[in-house]
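Only one structure is covered here, and it is reproduced in the block below.
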Amino acid sequence: MSIDVSIQSPAQRWAGMITRYVLPLGWLALLTGMFWAWDRSLYHKLFYLLLAAPTLIVLILQPRQAKALFGNPLFIAFLVFSAYTLLSIAWSDTENSVGSLLKRPLYIAMVLLSAGLISLQSPAQLHQCVRLAALFAAVAAGGSLIYFLGWQAAEGGRLDGYGALYNPLLTAHVFGAFAAIWLATWFQTRGALNIPALACLAVLGMAILATGSRTPLIGLAAALGWLLIVGDRRHGLIAISAVALALVGVAVFYPEAITQRGVSYRPEIWMESLRQIGEHPWLGHGYDAPMTVIIPGLEQTLADPHNIELGVLYAGGVVGLVLWLVLYGLAMRFCWAYRQHPGVTLAATWLIFGFASGLTEGSAFMSRPKEHWFLIWMPMAVVYAQWLIHRAGKKPA
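Each residue of the sequence shown is one higher than the one before, starting from 1 at the first, in the UniProt record's numbering.
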């Protein structure tokens, strides 16, 4: 039963206004800021100003909210993993200050909690933010493609991104995340011919190909596999046919996209990473411990294992990886139990995309806001929000 505004305390009214207006704006900035902030430091400042600080203020004004937010099994699993990760600083050779490292789990917690606060007050609002951001991302991808094809493609380069985006591989993470959202959106429509969803998916797909990164394609394949299991069978048959035609088209007209870079030294990188992990298998090298990977035949020296799970294993050892997998296991268990709900299906699609993409790229599992958040913490926050909605018995999006 809703509480009449007239009997709310000033603290409750302020908290309600921040949750209804400021936090959704913060989420939109977090989701789309990479495209228009034009500076990585500005993107971080927007996160602190519009999301992290307001979330903390709401929790101070309404401490009773903490019981539902902190008592969720997914958030508890996150806290346990974060606590162990921070404990591992004790045996890490990190070059960063302890104070800087301590802030990173707090930033991630603010993302989770902000999603929870929005969803508990207005269950559909976060879902609407994600869809609006996905539309913005498709428009941004289209603009990026036009500029790239008109001025850069002739030089033989790759689409590296604009705004706060600067690296083709990292830019592909962002485009891929929104492509997964549009894929889930298309699966959830009654008719197969949803022009807006298909158009946005096509534009984002072309942008991904222009980056030259194959990592999002692996993630999208995994996301499609999930949707084939839980989604509409007719949509699934159409999707499989479209993928088959696309593969034939690429093989005929642009085979270099598949063959020119092979497996990009991934097996060698992973084997060398596992060798270093074997030096401290149980507890790892510690959070933020520097890593150097030297591969014969490769001129550059690498600083990560190109696999997020191996990054967790390197930093936290077997203990850290088990806690990490428990976090994902709880999330997917909930998603499977509530798979008939559109909001949960979309969140799970995004989460699976991120997990599968992380198997071939990256290692920054706990960082300040960056592209890897589109693979890990943003979809995890949306799953967390859906869990809170269903646990509270509210009407989901």
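Ideal Cβ positions, reconstructed from N, Cα and C, are used throughout, including at glycine.
Mark residue i as exposed unless 16 or more other C-beta atoms lie within 10 angstroms of its C-beta, in which case mark it buried.
i: Gln-386; result: buried
i: Ile-181; result: buried
i: Glu-155; result: exposed
i: Val-293; result: buried
i: Leu-49; result: exposed
i: Ile-308; result: buried
i: Tyr-107; result: buried
i: Tyr-21; result: exposed
i: Pro-281; result: exposed
i: Ser-82; result: buried
i: Leu-193; result: exposed
i: Gly-354; result: buried
i: Pro-216; result: buried
i: Ala-242; result: exposed
i: Glu-371; result: buried
i: Ile-240; result: exposed
i: Ser-9; result: exposed
i: Ala-184; result: buried
i: Leu-112; result: buried
Which same chain residues, not among the five before or five after residue i, have their C-beta less than 6 Å away from its C-beta?
i: Trp-27; result: Cys-129
i: Ser-114; result: Leu-23, Leu-51 and Thr-55
i: Asp-93; result: Ala-289
i: Tyr-43; result: Gly-33, Ala-37 and Ala-164
i: Thr-189; result: none
i: Gly-236; result: Leu-228
i: Phe-374; result: His-173, Val-174 and Ala-177
i: Gly-161; result: Thr-171
i: Leu-87; result: none
By DSSP's criteria, residue i is part of a beta bridge. Which residues make up the other side?
i: Val-293; result: Leu-302
What does the alpha-carbon distance come out to for the pair residue i and residue j?
i: Met-34; j: Leu-46; result: 11 Å
i: His-127; j: Ser-41; result: 27 Å
i: Ser-100; j: Met-110; result: 16 Å
i: Tyr-265; j: Leu-169; result: 15 Å
i: residue 401; j: Ala-179; result: Since the displayed the chain opens at 1 and closes at 397, residue 401 lies outside it and no answer follows.
i: Gly-219; j: Ser-363; result: 16 Å
i: Ala-210; j: Cys-200; result: 15 Å
i: Phe-136; j: Met-271; result: 40 Å
i: Phe-78; j: Trp-324; result: 8 Å
i: Ala-90; j: Pro-267; result: 31 Å
i: Met-206; j: Ala-223; result: 18 Å
i: Gly-116; j: Ala-381; result: 8 Å
i: Leu-198; j: Gly-317; result: 42 Å
i: Ile-238; j: Val-252; result: 21 Å
i: Arg-158; j: Arg-234; result: 35 Å
i: Val-319; j: Leu-74; result: 18 Å
i: Pro-105; j: Ser-119; result: 21 Å
i: Leu-102; j: Ile-195; result: 46 Å
i: Leu-245; j: Leu-30; result: 35 Å
i: Ala-68; j: Ala-392; result: 8 Å
i: Phe-283; j: Ile-269; result: According to the sequence provided, residue 283 is Leu. The question's Phe does not apply to it. C-alpha separation (whole angstroms): 21 Å.
i: Gly-249; j: Ile-376; result: 32 Å
i: Thr-19; j: Gln-152; result: 42 Å
i: Ile-277; j: Ala-221; result: 29 Å
Ordered along the chain, which non-local residues of its own chain (more than five positions away) have a Cβ less than 8 Å from that of residue i?
i: Ala-66; result: Leu-59
i: Asn-96; result: Asp-288
i: Val-383; result: Leu-74, Ala-331, Phe-334, Cys-335, Val-344, Ala-347, Ala-348 and Leu-351
i: Ala-11; result: Leu-61 and Gln-62
i: Glu-279; result: His-285
i: Thr-85; result: Pro-105, Tyr-287, Ala-315, Gly-316, Gly-320 and Met-366
i: Met-17; result: none
i: Ala-303; result: Pro-290, Met-291, Thr-292 and Val-293
i: Thr-360; result: Arg-214, Thr-215, Ile-218, Arg-266, His-306 and Asn-307
i: Leu-388; result: Ala-68, Leu-69, Asn-72, Gly-116, Ser-119 and Leu-120
Looking only at its chain, what residues have a beta carbon closer than 7 Å to the beta carbon of residue i, apart from the 5 residues adjacent to it on each side?
i: Leu-132; result: Leu-28
i: Arg-214; result: none
i: Ala-141; result: Phe-175, Val-203, Leu-204 and Ala-207
i: Gly-212; result: Arg-158 and Pro-168
i: Phe-187; result: Leu-227, Gly-231, Asp-232 and His-235
i: Pro-379; result: Ala-347, Trp-350, Leu-351 and Gly-354
At the 7 Å Cβ level, is residue i part of the contact set with chain C, yes or no?
i: Leu-102; result: Among the protein chains of the structure shown there is no chain C, as only one such chain exists.
Next item on the list: Give, in chain order, every unbroken run of the alpha helix (DSSP H) that is at least 4 residues long and sits entirely within the region 241-290.
Entry: Qualifying alpha helix (DSSP H) stretches, in chain order: 256-259 and 266-277.
Note to self: List, from N- to C-terminal side, the beta strand (DSSP E) runs of 3 residues or more that fit wholly inside the region 156-194.
What the structure shows: Counting only runs that start and end inside the region 156-194, there is no beta strand (DSSP E) element of at least 3 residues.
Notebook entry, point to check: Taking the runs of the alpha helix (DSSP H) that are 4 residues or longer, which of them lie wholly in the region 71-116?
Noted result: DSSP runs (the alpha helix (DSSP H)) wholly in the region 71-116: 73-87.
Checklist line | Whole runs of the alpha helix (DSSP H) within the region 10-61, excluding any shorter than 4 residues | finding: With a minimum length of 4 residues, the continuous alpha helix (DSSP H) runs that stay inside the region 10-61 are 10-17, 23-36, 40-47 and 53-61.
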